[in-house]
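First the structure, in the form of structure tokens, and then the observations on it.
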DNA sequence: AATGAATGAGAGTTCATTCAT
DNA sequence: TATGAATGAACTCTCATTCAT
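Residue numbers (my numbering), protein chains in the order written: chain A, 1 to 207; chain B, 208 to 414; chain C, 415 to 621; chain D, 622 to 828.
Given below as structure tokens:
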């Protein structure tokens with residue numbers, strides 16, 4: 001007997017074009033159902049129905065519900081990461097205020113990729129297969145910030161870069177989260193983004 | 208399907224001592240099962256069993272699962288609120304650094320009331336009956352901070368007190384959350400608390 | 415979290431009279447469905463339906479299908495055992511031919527307790543939970559015969575009593591089985607029983 | 622439900638060499654999967670995979686699962702039959718003890734052709750397509766024995782040859798079965814075979 | 001006030017089988 | 001002749017909830 005496939009791994013890599021479309025359809029349906037009905041009420045049968053495939057087809061590609069959701073979260077996190085890193089190119093020698101502005105904007109932007117899906121992912125997903133993937137993204141952001149702090153050590157006040165990265169990423173993240181979840185009245189004008197910049201700059205400034 | 212009861216309110220207010228004990232036992236069992244097995248696997252039958260009470264008895268006091276969880280969350284939030292406000296007495300005329308230190312400590316302390324339960328409440332609870340109650344506590348904190356800012360308007364830099372309260376509460380909250388969830392290596396020494404104080408003080412300082 | 419109940423153990427011991435009836439009804443329904451449709455097509459839903467209880471009730475008493483069938487087999491084997499031992503009292507000092515006749519008759523009789531159910535149990539049950547229980551009965555019969563041989567060592571030819579018991583019990587058992595399964599044309603007249611007695615007596619006779 | 626195909630017959634007789642190999646691969650895979658995972662867990666998809674063939678190809682040669690298993694059982698029974706008859710040549714005028722010894726050995730040997738597969742076939746196969754084929758082999762053995770009894774009528778005691786064949790074949794068969802299934806500790810030394818010969822000879826001996 | 005047996009919709013998942021390519 | 005994506009009925013089992021006692 002073969003070992004049971006690890007619960008959150010995809011079942012097979014589709015080879016034909018048709019299957020690729022099917023997988024895409026299933027993941028899109030998963031996102032939609034998750035957003036519409038929440039995780040609790042999102043059943044695999046419903047997802048298959050929305051995807052326009054039979055339940056059997058769904059299970060050909062995903063061994064269980066957790067794996068299905070995990071795949072979707074992976075996709076989402078990957079998109080956030082791309083958006084984030086894409087906005088961070090050429091940051092090296094920018095002056096402090098500009099650098100901070102860019103980084104904050106990158107975080108904000110990465111949270112605005114499919115914000116409704118993001119809300120569900122953050123708020124409702126059970127630990128297994130969901131949350132840790134998002135936390136991995138946060139860890140990645142922290143690493144980026146910590147690296148940047150080290151590279152600009154002479155220009156910033158904090159000496160413990162890891163601690164500073166921890167403080168900064170969580171602060172900014174939380175504020176952005178909250179703003180996104182509140183329906184974004186704050187986010188639309190740039191007051192919030194500026195205020196966050198103020199927070200960060202003052203925290204980093206030598207003196 | 209039978210029509211779903213909509214209420215999240217408790218069914219009856221027990222007046223006799225014995226009933227009160229029963230309710231307490233049920234809520235404690237709910238907390239334990241929630242912590243032990245997570246929300247997904249916490250069934251009402253299991254909770255009744257752990258409480259040493261029949262399932263029928265449980266439903267005499269709580270009309271449905273949501274109400275049960277809601278009552279537990281209410282209790283928890285109430286304890287957080289008490290801890291929080293308890294630490295905030297006589298803050299009126301304290302100098303800025305001390306006032307900030309006290310407030311930060313109050314937030315930290317309120318998060319350390321039954322931290323395991325807190326983790327479950329924050330991470331796993333479905334919207335209904337759980338999250339909005341926690342958010343209500345955050346809103347309360349924000350109101351407190353906003354009030355304090357207004358009362359100390361001359362001594363602090365930000366002019367938009369609502370925005371500042373939003374920024375501060377979410378920042379501090381998120382950092383504390385994260386620290387609690389990470390197993391609290393940071394929290395034990397006071398480095399983190401000091402760093403957060405730095406963040407807030409610099410944000411508030413005029414010029 | 416409690417350890418998962420071993421797969422073939424019953425779930426709870428019913429305390430009220432009503433539940434005892436329910437359990438009986440479920441087991442009877444299991445027997446009927448097993449006989450009517452065979453093991454493969456016997457679904458738990460069908461069994462519950464025939465028993466006149468809901469599927470949930472069935473699962474209150476039996477944690478899974480295997481446990482349900484196992485309980486039924488236990489009951490059946492117990493009845494066979496009672497029939498068998500009931501016919502064996504006062505065998506002690508009977509002359510050889512009479513003793514052999516009685517034992518053979520006991521085996522035949524024990525196979526005629528609900529022969530249709532017996533057929534299903536023997537022919538169709540998957541290893542888990544079914545077969546080994548029947549094999550335990552065979553082992554029991556072997557032990558009885560071996561004991562009897564030892565107690566009558568002077569009167570019988572074979573010296574290796576364990577081997578002799580093995581040979582005898584399997585022979586008689588198989589012949590009876592086959593006769594039962596073939597629709598019992600042989601069994602009705604006593605020719606077969608006499609012939610088996612011949613086989614055994616000749617095997618046991620000293621010289 | 623689509624109408625279920627009723628046939629147990631193979632779909633087409635492969636004529637080309639390649640097809641023949643494919644069929645062989647499928648049947649070998651069936652045997653392996655049956656032995657490894659048991660009948661319950663043996664799925665046609667799994668068999669096709671093990672055979673290194675697509676599920677579609679499997680269904681080109683076998684109209685359904687029953688036919689597939691039936692073909693395998695046919696093969697197995699055919700091999701048993703060949704082994705059996707192969708050892709029975711030139712039995713005609715052999716003295717009684719030798720003849721009996723040869724026949725018993727033939728039965729034992731025929732049960733040792735792929736004993737693991739035999740176990741599965743005997744223990745696990747559902748009636749349809751499996752069991753009756755094995756019973757056909759038993760009937761064949763009975764016919765052989767009955768014929769031999771008739772041809773040696775003067776030398777043997779029993780007058781009802783059909784009944785005697787029934788008794789003998791089932792006895793020997795059962796003992797051999799049981800020995801094979803028990804892991805064959807008895808079978809290895811020849812004590813068992815000798816004891817069975819004793820049983821049979823005494824049963825057949827005139828007076 | 002307390003019990004616990006009973007309910008049953010609906011969940012996740014499997015697998016024999018088909019058919020367009 | 002071979003492929004493998006797609007199908008969907010049917011399965012086992014859970015759990016929030018009710019109600020007669």
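Idealized CB from N, CA, C, for every residue including glycine. Predicted, not measured: the structure shown is a model, and the values here were computed from it.
Minimum C-alpha distance to residue i - residue among the options
i                     : options                    : result
residue 68 (chain A)  : A:103, A:26, A:157         : A:26
residue 245 (chain B) : A:153, A:205, A:70, A:124  : A:124
residue 172 (chain A) : A:95, A:112, A:152, A:199  : A:199
residue 356 (chain B) : B:377, B:341, B:306, B:389 : B:306
residue 376 (chain B) : A:177, A:204, A:164        : A:177
residue 503 (chain C) : C:536, C:488, C:558        : C:558
residue 535 (chain C) : C:487, C:618, C:454        : C:487
residue 464 (chain C) : C:573, C:477, C:478, C:438 : C:438
residue 640 (chain D) : D:678, D:723, D:666        : D:678
residue 60 (chain A)  : A:32, A:104, A:22, A:46    : A:22
residue 528 (chain C) : C:493, C:517, C:519, C:616 : C:493
residue 204 (chain A) : A:33, A:30, A:167, A:52    : A:167
residue 238 (chain B) : B:344, B:388, B:293, B:324 : B:324
residue 731 (chain D) : D:655, D:725, D:800, D:704 : D:704
residue 76 (chain A)  : A:112, A:162, A:66         : A:112
Within chain A, partners of residue i - CB distance below 8 Å
i                     : result
residue 410 (chain B) : 198, 199, 202, 203
Chain-ordered chain D contacts of residue i [CB-CB under 7 Å]
i                     : result
residue 589 (chain C) : 788, 791, 792
residue 609 (chain C) : 784, 788
Residue i - containing alpha helix (DSSP H), residue span
i                     : result
residue 86 (chain A)  : 65-86
residue 245 (chain B) : 224-248
residue 198 (chain A) : 191-204
residue 378 (chain B) : 368-388
residue 530 (chain C) : 529-538
residue 317 (chain B) : 303-318
residue 54 (chain A)  : Here residue 54 (chain A) belongs to no alpha helix (DSSP H), and DSSP marks it neither H nor E.
residue 347 (chain B) : 339-358
Amino acids of chain D, ordered along the chain, whose beta-carbon sits closer than 8 Å to that of residue i
i                     : result
residue 592 (chain C) : 787, 791
Contact list for residue i against chain C, beta-carbon separation under 7 Å
i                     : result
residue 652 (chain D) : Neighbours of residue 652 (chain D) on chain C: none; closest Cβ ~18 Å, over 7 Å.
Neighbour list for residue i in chain D, Cβ cutoff strictly below 9 Å
i                     : result
residue 481 (chain C) : Within 9 Å Cβ-Cβ: nothing; residue 481 (chain C) doesn't reach chain D, min ~16 Å.
Beta-carbon neighbours of residue i, restricted to chain A and to distances below 9 Å
i                     : result
residue 398 (chain B) : 160, 163
Exposure label - residue i; buried when at least 16 CB within 10 Å
i                     : result
residue 565 (chain C) : exposed
residue 397 (chain B) : exposed
residue 509 (chain C) : exposed
residue 160 (chain B) : As shown, chain B starts at 208 and ends at 414. That puts residue 160 (chain B) outside it, with no answer to give.
residue 573 (chain C) : exposed
residue 457 (chain C) : exposed
residue 139 (chain A) : exposed
residue 718 (chain D) : exposed
residue 261 (chain B) : exposed
residue 209 (chain B) : Its pLDDT being 38, under 50, residue 209 (chain B) is placed unreliably in this model, and the coordinates cannot settle the point.
residue 146 (chain A) : buried
residue 248 (chain B) : exposed
residue 775 (chain D) : exposed
residue 277 (chain B) : buried
residue 571 (chain C) : exposed
residue 608 (chain C) : exposed
residue 638 (chain D) : exposed
residue 136 (chain A) : exposed
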